[in-house]
Each structure stands twice: as structure tokens, then as C-alpha cells.
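These protein sequences, in sequence, are chains U and C. Mapping of the first sequence onto my numbering: residues 1 to 365, in sequence order. Mapping of the second sequence onto my numbering: residues 1001 to 1365, in sequence order. For glycine and all other residues, C-beta sits at the position ideal for the given N, C-alpha and C. The block underneath contains the structure these notes are about, expressed in C-alpha cells.
Protein chains: 2
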Amino acid sequence: MTASQRIFNFSAGPAVLPLPVLEEARRDLVALPGVGMSVLEISHRSKAFEKICFGAEERFMRLAGVADDHQVLFLQGGATLQFSMVPWNLLPAGSTADYFETGVWSEKAIAEARKVGEVHVAASSKATRHDRIPGDGESRYSARPAYVHMTSNNTIFGTQYHRVPTVPAGVPLVNDASSDILCRPLDFSRFALTYAGAQKNLSIAGLTLVVVRKDLLGRAPAGSPVYLDYATHAKERSLYNTPPVFAIYLLDLVLEHLLAQGGLEAAARRNGRKAGMLYAAIDSSAGWYRGHAQPDSRSTMNVTFRLPSEELEKRFVAEATAEGLDGLKGHRSVGGVRASIYNAFPEAGVEALVGFMAEFQRRNG
Amino acid sequence: MTASQRIFNFSAGPAVLPLPVLEEARRDLVALPGVGMSVLEISHRSKAFEKICFGAEERFMRLAGVADDHQVLFLQGGATLQFSMVPWNLLPAGSTADYFETGVWSEKAIAEARKVGEVHVAASSKATRHDRIPGDGESRYSARPAYVHMTSNNTIFGTQYHRVPTVPAGVPLVNDASSDILCRPLDFSRFALTYAGAQKNLSIAGLTLVVVRKDLLGRAPAGSPVYLDYATHAKERSLYNTPPVFAIYLLDLVLEHLLAQGGLEAAARRNGRKAGMLYAAIDSSAGWYRGHAQPDSRSTMNVTFRLPSEELEKRFVAEATAEGLDGLKGHRSVGGVRASIYNAFPEAGVEALVGFMAEFQRRNG
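Structural data, given as C-alpha cells:
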């Protein structure tokens, strides 16, 4: 199949990759230039892979502006394993961690932390079906939290932090950035630990990126499973055991592509334009399309909205799919429509959806 | 780069993949036929991926002859995470697990199990630098082991079990088959749990295959990290969280290729021929090449041997690399040369190495 036969993939993740990245990966898939074997086959101990792996680490730090007091790790197990690894490493017995409860994924993170220690919910949007990000004024912290945990973008509900929360002085801030990492410039120095499943903005499924402040390494209790201790991986620069080689290679290509496209400022402008078009379409529909998120909490990555009836929503998704606009069905906890428009999602796809929305309303409004 | 520019990759893993698999993956990399997006981008909740994922599960069961009382799981974290997950799920507090100590990987598995409960070493080859697989007569089991753990192939030392050990009646047998799974027919019904990192005989790095007897699910203690509980993944048929989509797709292609090539009987014949050529070259060198493994414990996957001096070994590896025979340097704990010749390693590569060995001895002997 050729590139021209590609459809628009609005799925929430795994998600669309930049076409030049796919084309480069395809070109070199059977034999990497100068290596004579596929990147799918190279040893993780080879010079060729060390160059890719350490190169991706350094490129990420340069692109994201991560300083040397943080360590980048390439792990496996997704955000799900991080839900456990974070408290395992940072929540000593008898202490409390504070969590912002802003959606399904933060609820899952809370459930895993509760297995390790006490959890205090510092603010929650549950009462209004997670349609907003709680403001700083709503935060009620526990006496001495071991850390504060946030989820910067809530894929299912389509909400996103547009500020770094102010937390008590000296308390480490942990961020699950799975669905919006690298969508904009961000001051990584304000986060003690950031983690992200790679399958939305970074690479393919099977890679988890962790950026952890080095002074937080080595705090896992004695007797921890070796894989669950961040120090294990930091000490060996992500090569303690065989890492997901191909996903790291693709990450490196994605980072290179982002840099060539002007870095994170330019990415933020593109994402603002794409999300802006969709929210404008919602706001100009005279209430026919109803956005789920409150305007000041709207996500630039996942745009969620309802139609006047579930029957119309069903038809919307079916007809959109038939026109090559795929993956628009909303998550069952919100219903309706969700358009996921991560970094690599093309503007042409957003334009096509906006056109389809107008036409669908004309025919059914 | 084209297929003709490929070299011979003797590396211990990640390792060589069948060329037709690489070529099919490349053909469809930008857009999967009938799907319109890359397999690198498809949602793990899509019909297209369910077909791939459940298809790979069923194909594996058919090819390996796994019955319905076992569950196939696609996980992440490699054998390293399994070293912890096995005792976490199967070693209740206060009980003992028996381990066969046959190399570096079994030592690592033992270290992780000791964090969970008692470990009794039922037999060991440590005294003779892991040059052999202990026989059934040497096994000294503990009173009531929770399970017995073996490593069917020892990548670093080049030894392999050529029998299924006889364990006390009713005791679950657990096998780390990372480096020889599907190299030959095997009676999976004799194993309560089998695990294997995919990067040698199955697929690429980043996927771990687990085959577990269903009655052993649900034994992880309350409060276990959700990812570490086999029941989590079994209940959702490996889709509890986002699995390594591309690695599962490649696994499916590898399984299809193995079936088309005559299944595991045929694979065993090919592997026997390949290993046979190398061991014959060692045995006919009048002691110039010295195999590390005792003859009855020789691996068909990793052939390890020494030369008369370390200086010659260095030169052997360097000259072989220059001739396109890559990855032959032995692991530091054995030294010398290691030729890893997994399922997908071509016979032509073994012939080339055998020729090189004879010539190298002629020039330096």
C-alpha cells in the first residue's frame, strides 16, 4: 500500500506517526545503512544501537530542555507499570502521596499508590465528570506529602493542564504526560519525575519514557523487584536488560523530525491551530455540538464533544469512518465523539473533520 | 539497503529474523492492506489489531501444541520482569521454590526469587563453570517446593536441556525458554509456566511471551502491582493495557513463516543440522577449537568455544567480522567465541563460519 492510500487516524493511541518517519523506517527496515542488518535484529550491546539509544536520550534532553540533574530512562510496561513504580520508589512506608484526580488514568494511578501507602486526593474534578482541571486555589495538600502526582492531559475527557500546579515548597511533582508530552515547551525542572507511554507523541507502543531527577534515584526499598527500581535502569543507562530497540529507534527519528520542524515552540503553534479549528467548529455550531471540557481546560490533544442524540453520534462516527476519518468514537465514560490530534496528526485531517462536521450538521440539524 | 547487503548476524539477541518476515513487514509498513494506516499506528482496541493479536495467540498454541488449559500472554519487561513475576505469583510467603542453577540467567532468577521467599538450589553446574546440564539423578528437591524453575537453554555458556526434568509429582515446573522456545517440539503440558523474551526466536525486543496453566492464575497476593499479576493480563487477553503492538504483529508473521516451513519438527531438523556442522568443526580440529559445553549438554542455539590463546580469539573475531560474520565475541564470563544460531539464522551463515574456522586454523594452527 502506498502513502496516498492512508486514511486519517484520530485514534487515542497508539496513534499516527509522521509520514517521513514511517518512510525512513521502511527504507532501512531490511538492512540499516552501514550495519548490514535490520534495526529489528541488532544487538542492544552493539555500537550501532548504543549510538541510537544514547543519541535519542541526548536529543530528547536537547529538544525538551532537560538539564543534567535529570536522567532519561527507556522502560517497558507503559504508564500502567509507572502507576506502581512511582509509589514503589517515592512513597516510603507510613507516608502519604497527594494526587490530583482528573480522570480515569489518574484514578488508576491512585489505586496503585494505595497499595503502597496513603493517598490523599488534593483536588478532584470527579463531581463534574472530569470536565475541567482544578485550579491552584482548590488544592488541599496533606501535611507532608512524599510527592504530588498530576496527569497533564486526560485523554478520555479531553482536558489538559495549561499551568504547572503550585505545590508546597520542596515537594516533588510527578507528571503522567503520556498523552501530551512534547506537545509544547515545558519547564522540566519543575517536575521531579515525568513519565509517558510512547504510543501517542513519541514512538510506538512498548516504550515508556521516564525523566527522573537524579537525587530521587536509589530510594526503592531493599528487596524491590530489580526491574521496578529506577536506579537499576539509571545505572546502566537503560541497558540493564534488553530495551525495546525498535521503539527507541523510532523515537529517535520522531525527535529528529520535531527538531527539523522547528522544535517545541513550532509544535505548540501547530497543535494550537489544529485544536483551535475544532473548538471553533464546536463553538460556532449554536450548541449542536457540545464540548465536554470547560473552555479553560480544553485539551489540544483530545477534543471531546457530544451531539444532540446518541443515535446521531453513532451515525456521525459511522459516516466519518466511511469517509476515511477513523477512530472518532468517544470513550464509553464520556460517550459521543473524541478526535485525538497528537503532534503527528496532519492539519489536513483536522480540516477534513471540520468540513465533515459542518456538512453533517447541515444534513441532520 | 537491499537484502543482498545483509551480513551474517551471530549475535545472542536481539537476533536475526526470517528475511521473508522482514520483507513483508517492510512492504506494509506505511499502510497495512485494507486498513489504511501503519501497523505502527493502529489502536490496540481496533478490529484490525484484535485479529493480529488473537491470531498470534491461536497460531502459537497450534504450532507449539499448547492446550486450552494454558493461557498465552503477551507482556513487556523481558525475562528480567518474569524473574520477579514468577515468585510474586507462585511463591507464597513462608514457602520455598527450587531452582536449577545452570548459568547467569538462572542466577539472576534466583536472586529475584530470594526477595520474595526461600530458594533451594536443587542442582547446580556452577562448580564446572556451567559447562553442563545436571542430570535427574543429581536433583535434591526441598520438602515441598512451591515450584521448580529451570532455564532450558543457557545463552552465555551454550548448554541446553535435552530432556524435561523429572520433578516431584504435582509440583509446577517453570521454564525460562527465552533462548530456545520453538526451536523444537516440546510437550508444553509438562510445564506449568513458560516464559520467553521474544528477541531471539519469536520477534523483536520488547515483547515477553508467557504460557501459564490457568489454574495458577489469581495467586498473586492482594496488593500486588496490577501489572505484576498474571490474572490481570489473562482476564483481558493481553489487552489490559497497551501491548507492544508491532512486536506482536511480527510474532504472528514469524509463526506463520515457521508453519509454512513445516512446523517445529522441521525447525528441529534445521537447527540440528546447523549446530551439527559447528560441533563437527570443533570436534575435528584436533583440540585446536575447544567447545565449552560437555557434549551431552550442547546447545543447538548458542555454540561456545575457545581457541588456543586469547590473542588468537581476538584476531578470530576481528577477522570474522571483517568477512561479514558479525557478533561472534563470546560473553566475558566464558570468553572465546559464541555463535548464536537461532531458528532464523541461515544455514549459509553456518557454512561460511565453518569454512572460516578451517581456514583460520590452517593459517594460525
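- Any Cβ of chain U closer than 9 angstroms to the Cβ of A1079/C would place that residue at the interface, and such an atom is present.
- Not flagged as an interface residue toward chain C: I52/U, since no C-beta distance is shorter than 9 angstroms.
- In the three-state scheme derived from DSSP, where H, G and I count as helix and E and B as strand, M150/U is classed as strand.
- Fewer than three beta-carbon pairs drawn from the region 1015 to 1023 of chain C and the region 1328 to 1335 of chain C are found closer than 8 angstroms, and the two stretches are therefore not classed as touching.
- By the Cβ test, the region 1182 to 1190 of chain C is in contact with the region 1065 to 1083 of chain C, since at least three Cβ pairs between them sit closer than 8 angstroms.
- For T1242/C, the nearest beta carbon of chain U is closer than 9 angstroms to its own beta carbon.
- Residue E256/U holds the alpha-carbon nearest to the alpha-carbon of A344/U among R290/U, F360/U and E256/U.
- The secondary-structure analysis by DSSP pairs R1213/C across a beta bridge with H1070/C.
- In this chain, the beta strand (DSSP E) harbouring Y1195/C covers L1193 to G1197.
- Distance between I1341/C and S1011/C, taken at the CA atoms: about 8 angstroms.
- With a contact defined as Cβ atoms closer than 8 angstroms, A196/U and L209/U qualify at about 5 angstroms.
- For the pair G77/U and Y1230/C, the CB atoms are not nearer than the 9 angstroms cut-off.
- At a cut-off of 9 angstroms between beta carbons, D1326/C contacts chain U.
- Within the same chain, Y195 come within 6 angstroms of Q82/U by CB-CB distance, once the 5 residues on both sides are set aside.
- With 16 or more other Cβ atoms from the protein chains shown falling within 10 Å of its own Cβ, Q1160/C counts as buried.
- Ranked by Cα distance from I1181/C, the first of H1162/C, P1165/C, V1174/C and N1201/C is N1201/C.
- Between the alpha carbons of E1359/C and V35/U lies a distance of about 25 angstroms.
- With the criterion set as a beta carbon lying under 8 angstroms from some beta carbon of chain C, the members of the region 194 to 207 of chain U are G197, Q199, I204, A205, G206 and L207, in sequence order.
- At least one beta carbon of chain U lies nearer than 9 angstroms to the beta carbon of S1043/C.
- By the C-beta density criterion, P33/U is exposed, having fewer than 16 other C-beta atoms within 10 angstroms.
- Under the 9 angstroms criterion on CB atoms, L1253/C is classed as non-interfacial with respect to chain U.
- Residue-level contact check: P346/U does not touch chain C, since none of the beta carbons of chain C fall below 9 angstroms from its beta carbon.
- Exclusion of the five residues before and after G263/U leaves L63 as the residues of its chain whose Cβ lies within less than 7 angstroms of its Cβ.
- Of all C-beta pairs linking the region 1293 to 1311 of chain C to the region 345 to 357 of chain U, fewer than three are shorter than 8 angstroms, placing the two stretches out of contact.
- C-alpha of E57/U to C-alpha of E1265/C: approximately 44 angstroms in a straight line.
- Annotated as distal: K274/U and V171/U, with beta-carbon spacing of 9 angstroms or more.
- Under the Cβ distance rule, M1037/C counts among the residues neighbouring chain U, one pair being separated by less than 9 angstroms.
- Contact residues of the region 1124 to 1136 of chain C toward chain U are absent (C-beta to C-beta distance below 7 angstroms).
- In the structure shown, L173/U falls within a strand segment according to DSSP collapsed to helix, strand and coil.
- Using a Cβ-Cβ cut-off of 9 angstroms, P1092/C does not count as an interface residue toward chain U, since no Cβ of chain U sits closer than that to its own.
- Residue pairing by DSSP leaves L19/U without any beta bridge partner.
- Under the 9 angstroms criterion on CB atoms, E58/U is classed as non-interfacial with respect to chain C.
- The alpha-carbon separation between K1126/C and T1102/C amounts to approximately 7 angstroms.
- With fewer than 16 other Cβ atoms from the protein chains shown falling within 10 Å of its own Cβ, G287/U counts as exposed.
- Contacts with chain C at 9 angstroms (Cβ-Cβ) do not include N343/U.
- By the Cβ rule, the region 129 to 136 of chain U counts as touching the region 289 to 306 of chain U, because three or more pairs are nearer than 8 angstroms.
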